[in-house]
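Enquirer:
Numbering (this note's numbering), first residue to last: 5 to 690.
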């Protein structure tokens, strides 16, 4: 059990009250530049990075919203802040993480064959204050990226040391209280230990208080030099909460439910909620010389989730609540070795060979429930999955204006499912895919580079959907899904730095899937989907007007269509067609700094004939910071600054309320975004 930091709260309040007495002595000026993703640093116009200072300057509602630093990325939530978020990128409703691969300190976050959604990516254990950098890519163009990376990937790296120990305490409306204590120390010659503890309580705006309780701990032990070094990481996280799931628009329009007033933040099943825990242990080693470099990462994960949900209310039973459980162990690692050409002997090149291995052993359950009491077992499965990915990549600079990156990746997968409820749904499957990739980088000319990228990627399907022959509810025969589904991506882009303070990039891209991933929550597993094509354009711009002002802006437009001749419609549902971000940052104005972030999410089609669309949304977050002394900072966050009644997500499906026809009613169901929220953070350095 982590401490509740009550004395620290009192210390923060006392320090704030005594701010004038503490004076305004400022520490030495720290010069921090942008993470270098400029000319010559990337293989695609859509590739980039985020530095720690950019993360710390902005207001965040949830940890995973750090991903919104990636142009075109949207992070929302549809049911309880403890669950994995909803992610949207490049015309894709990524659900809880499918087709966007994420790692933290080399440990993968996505979970295949997960009880609540394929590729489930829960980033609630992330501590944004300790993130050193985030490197991101879009599209399946890098040989190092495998499963779940067709839309893109992000690699988070934690700091290994802090200049001074710190304690953050944040208090906010609706029962929000968060404390983070972190520090680092040398425990031996050249060996450093970073330690951090986090605790968060939050009830939210919901009529049924969310009761979110999160505990988090992080240890990072590291040593060595940039030439040769190592790192060990231990992460432990646990949380439990109640959730208010999405509700039908028809009920909000009526404003009444069983004779009682019903509003945006009310719940139809107050017993919905979940608990989860995640513990990971990892180690990394690297060595580099002028001729070659090597890298090795290994990890082990223990994970569990128990979630109760009710989205259709009483369509099939008096209460449609269902429970999903996931208890798993993950073992894996990756290794790579790179050879460099000798200088002055023809074109400069480097060749890389890499190996990635992962094994998941999961016990997955799906149950009918009522008020969190299990009523019947729908399915109970023991799942084993093994991935062995092998890749090679060559990067050659042929001339001062031409560089190529070419790679080949081979991914054999094996899956075995033992059904403990229906023997017909047991089975084993094997599949493999070969994924070639190539990139051309031209320039720079007049401080401008051009990029041409193409590659093949894939995502895996839930192993239960691959071996299922009999629907566990209806008893009808079903068509199994393929284990691996291929994708093909192409991109043409440009990046220009006309002046050192002005950088802009444009990317035109296309992404094709052989089959859309269709997760079927009622029965577990994935079902075969229709082939699809997405095309789009992205523009990003960064302007440093002076050493005090910086503007980041991005626009993304996407068209998503099924590529077969379907009978219903060609429009793909769920993902916004237009996304825009703008962030204006004020830095080092004496003791003051701040940031204003604005996010626009365009309407998304909710039906394949495009007859029903979600509402667009515009959200602004504001952060104002003041350095009270060399030891104390204060920051005020105003989330949803203009208090707009936005919706985090919207869906169109059939549900049934008491008194409605037995077959239910089709309509829009939504989960509202949180209203304007104030949070005050005090940071004390020791």
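Glycine is no exception: its CB is placed at the ideal position from the N, C-alpha and C atoms.
When the Cα atoms are used, what is the spatial distance from residue 148 to residue 104?
Expert: Taking the first residue of the chain shown as position 1, residue 148 is located at position 144. Taking the first residue of the chain shown as position 1, residue 104 is located at position 100. Between residue 148 and residue 104, the C-alpha separation is close to 14 angstroms.
Enquirer: DSSP on residue 73, reduced to helix/strand/coil?
Expert: Locating residue 73 in the chain shown gives position 69, where the first residue counts as 1. Looking at residue 73 - three-state DSSP - the assignment turns out to be helix.
Enquirer: Under the DSSP definition of a beta bridge, which residues are partnered with residue 687?
Expert: On the chain shown, residue 687 is found 683 positions in, with the first residue counted as 1. 172 and 637, per the DSSP bridge assignment.
Enquirer: Specify the secondary structure class of residue 253 as computed by DSSP and reduced to three states.
Expert: The residue you call residue 253 lines up with position 249 of the chain shown. In the structure shown, residue 253 sits in a helix (DSSP, three-state: H, G or I).
Enquirer: Expressed to the nearest angstrom, what Euclidean distance is found between the alpha-carbon atoms of residue 281 and residue 118?
Expert: One-based indexing of the chain shown puts residue 281 at position 277. One-based indexing of the chain shown puts residue 118 at position 114. One C-alpha to the other measures close to 14 angstroms.
Enquirer: When the Cα atoms are used, what is the spatial distance from residue 716 to residue 54?
Expert: No statement about residue 716 is possible, as the shown extent of the chain runs from 5 to 690 and does not include it.
Enquirer: At which residue ranges does the stretch 334-386 contain complete beta strand (DSSP E) runs of 3 or more residues, listed in the order of the chain?
Expert: Qualifying beta strand (DSSP E) stretches, in chain order: 352-374.
Enquirer: Nearest CA to the CA of residue 368: which residue from 650, 110, 527 and 558?
Expert: For this step, residue 368 is matched to residue 364 along the chain shown. Per the Cα distances, 527.
Enquirer: When the Cα of residue 75 is compared with those of 153, 244 and 604, which residue comes out closest?
Expert: Position 71 of the chain shown holds residue 75. Selected option, being the one with the closest Cα: 604.
Enquirer: Measure how close the beta-carbons of residue 222 and residue 188 come, nearest whole angstrom, since I'm counting them as under 8 angstroms.
Expert: For the purposes of this step, residue 222 is taken as the residue at position 218 of the chain shown. For the purposes of this step, residue 188 is taken as the residue at position 184 of the chain shown. Not quite, the Cβ-Cβ distance comes to about 11 angstroms (not below 8 angstroms), so this is no contact.
Enquirer: Based on the DSSP output, what are the partners of residue 630 in its beta bridges?
Expert: For the purposes of this step, residue 630 is identified with residue 626 of the chain shown, where counting begins at 1. DSSP, once it has assigned bridges, lists 596 and 638 as partnering residue 630.
Enquirer: Pick helix, strand or coil for residue 674, following the three-state DSSP scheme.
Expert: As a working mapping, residue 674 is identified with position 670 in the chain shown. Residue state, collapsed to three classes: strand.
Enquirer: In the DSSP assignment, find the unbroken alpha helix (DSSP H) run with residue 467 in it and report its ends.
Expert: Translated into the one-based positions of the chain shown, residue 467 becomes position 463. Looking at the DSSP string, the run of the alpha helix (DSSP H) that includes residue 467 is 467-471.
Enquirer: Per the contact definition of three or more C-beta pairs closer than 8 angstroms, is the stretch 288-298 in contact with the stretch 243-253?
Expert: The stretch 243-253, when compared against the stretch 288-298, does not touch it at the 8 angstroms Cβ threshold.
Enquirer: Please name the residue, chosen from 618, 422, 86 and 593, that lies closest to residue 550 on a Cα-to-Cα basis.
Expert: Along the chain shown, read from residue 1 onward, the residue named residue 550 stands at position 546. Nearest C-alpha to residue 550: 593.
Enquirer: Residue ranges of each beta strand (DSSP E) run of no fewer than 3 residues wholly in the stretch 177-219, ordered along the chain?
Expert: Whole beta strand (DSSP E) segments, 3+ residues: 180-192 and 195-206.
Enquirer: What is the DSSP secondary structure of residue 57, counted as helix, strand or coil?
Expert: Residue 57 sits at position 53 when you count from the first residue of the chain shown. DSSP places residue 57 in helix when its eight states are reduced to three.
Enquirer: Only counting the same chain, and skipping five residues up and downstream in sequence, which positions put a Cβ closer than 6 angstroms to that of residue 573?
Expert: Here residue 573 is taken as the residue at index 569 of the chain shown, counted from 1. Closer than 6 angstroms at the Cβ level, and outside the excluded window around residue 573, lie 612 and 613.
Enquirer: Grab the span of the beta strand (DSSP E) containing residue 461 for me, first residue to last.
Expert: What you label residue 461 is simply residue 457 of the chain shown in a count that begins at 1. Where residue 461 is concerned, the enclosing beta strand (DSSP E) stretches over 452-464.
Enquirer: In the structure shown, what three-state DSSP assignment does residue 130 receive?
Expert: By 1-based counting over the chain shown, the position of residue 130 is 126. It is coil, neither helix nor strand.
Enquirer: Go ahead and pull the three-state DSSP assignment for residue 405.
Expert: Looking up residue 405 in the chain shown gives position 401. DSSP places residue 405 in coil when its eight states are reduced to three.
Enquirer: Taking contact to mean 3 or more Cβ pairs, one atom from each stretch, closer than 8 angstroms, check whether the stretch 506-521 and the stretch 482-490 are in contact.
Expert: Result yes; three or more Cβ-Cβ pairs closer than 8 angstroms.
Enquirer: How many angstroms separate the CA atom of residue 304 from the CA atom of residue 340?
Expert: Sequence index remark: in the chain shown, residue 304 carries index 300 (1-based). Sequence index remark: in the chain shown, residue 340 carries index 336 (1-based). In a straight line, the C-alpha of residue 304 is about 19 angstroms away from that of residue 340.
Enquirer: Sorry if obvious, but does the Cβ on residue 324 come closer than 7 angstroms to a heavy atom of the ligand NAP?
Expert: Looking at this structure, you won't find the ligand NAP or any other ligand, since it has none at all.
Enquirer: Which first and last residues belong to the beta strand (DSSP E) in which residue 536 is found?
Expert: The residue you call residue 536 lines up with position 532 of the chain shown. From DSSP, the beta strand (DSSP E) with residue 536 extends over 536-548.
Enquirer: Here's a check: name, in chain order, each residue in its chain whose Cβ is nearer than 7 angstroms to the Cβ of residue 635, leaving out the five neighbours to either side.
Expert: Residue mapping note: residue 635 aligns to position 631 of the chain shown, counting from 1. Here the set comprises 688 and 689.
Enquirer: Flag this pair as yes or no: are the beta carbons of residue 342 and residue 356 separated by less than 8 angstroms?
Expert: The residue labelled residue 342 in the question sits at position 338 within the chain shown. The residue labelled residue 356 in the question sits at position 352 within the chain shown. Against a cut-off of 8 angstroms, the Cβ pair of residue 356 and residue 342 comes out as a contact.
Enquirer: Looking at the structure shown, is residue 574 part of a helix, part of a strand, or coil, going by DSSP?
Expert: Position 570 of the chain shown, counted from the start, is the residue given in the question as residue 574. Three-state result, residue 574: coil.
Enquirer: Given a cut-off of 8 angstroms, decide if residue 370 and residue 660 are closer than it, judged by their beta-carbon atoms.
Expert: For the purposes of this step, residue 660 is identified with residue 656 of the chain shown, where counting begins at 1. For the purposes of this step, residue 370 is identified with residue 366 of the chain shown, where counting begins at 1. No; because the gap between Cβ atoms is not below 8 angstroms, this pair is not in contact.
Enquirer: Got a sec: is the Cβ-Cβ distance from residue 275 to anything in chain C below 8 angstroms?
Expert: Note that chain C does not occur in the displayed structure, where there is just one protein chain.
Enquirer: Under the rule that 16 or more other beta-carbon atoms within 10 Å means buried, what is residue 273, buried or exposed?
Expert: The count along the chain shown starts at 1 and reaches residue 273 at position 269. Looking at its Cβ environment, which holds 16 or more other Cβ atoms inside 10 Å, residue 273 is buried.
Enquirer: I'd like to check one pair, residue 287 with residue 358: are the Cβ atoms closer than 8 angstroms?
Expert: Residue numbering aside, residue 358 sits at position 354 when the chain shown is read from its first letter. Residue numbering aside, residue 287 sits at position 283 when the chain shown is read from its first letter. No. Outside cutoff.
Enquirer: Just to confirm the assignment: which complete beta strand (DSSP E) runs, minimum length 3, are found wholly within the stretch 97-150?
Expert: Complete beta strand (DSSP E) runs here, min 3: 104-108 and 135-142.
Enquirer: Are the CB atoms of residue 535 and residue 268 within a distance shorter than 8 angstroms?
Expert: Sequence index remark: in the chain shown, residue 268 carries index 264 (1-based). Sequence index remark: in the chain shown, residue 535 carries index 531 (1-based). Against a cut-off of 8 angstroms, the Cβ pair of residue 535 and residue 268 comes out as no contact.
Enquirer: Tell me the residue span of the beta strand (DSSP E) that contains residue 653.
Expert: Residue mapping note: residue 653 aligns to position 649 of the chain shown, counting from 1. Its beta strand (DSSP E) spans residues 651-659.
Enquirer: I need the straight-line Cα distance from residue 638 to residue 385, nearest angstrom please.
Expert: Residue 638 sits at position 634 when you count from the first residue of the chain shown. Residue 385 sits at position 381 when you count from the first residue of the chain shown. Computed Cα separation, rounded: 50 angstroms.
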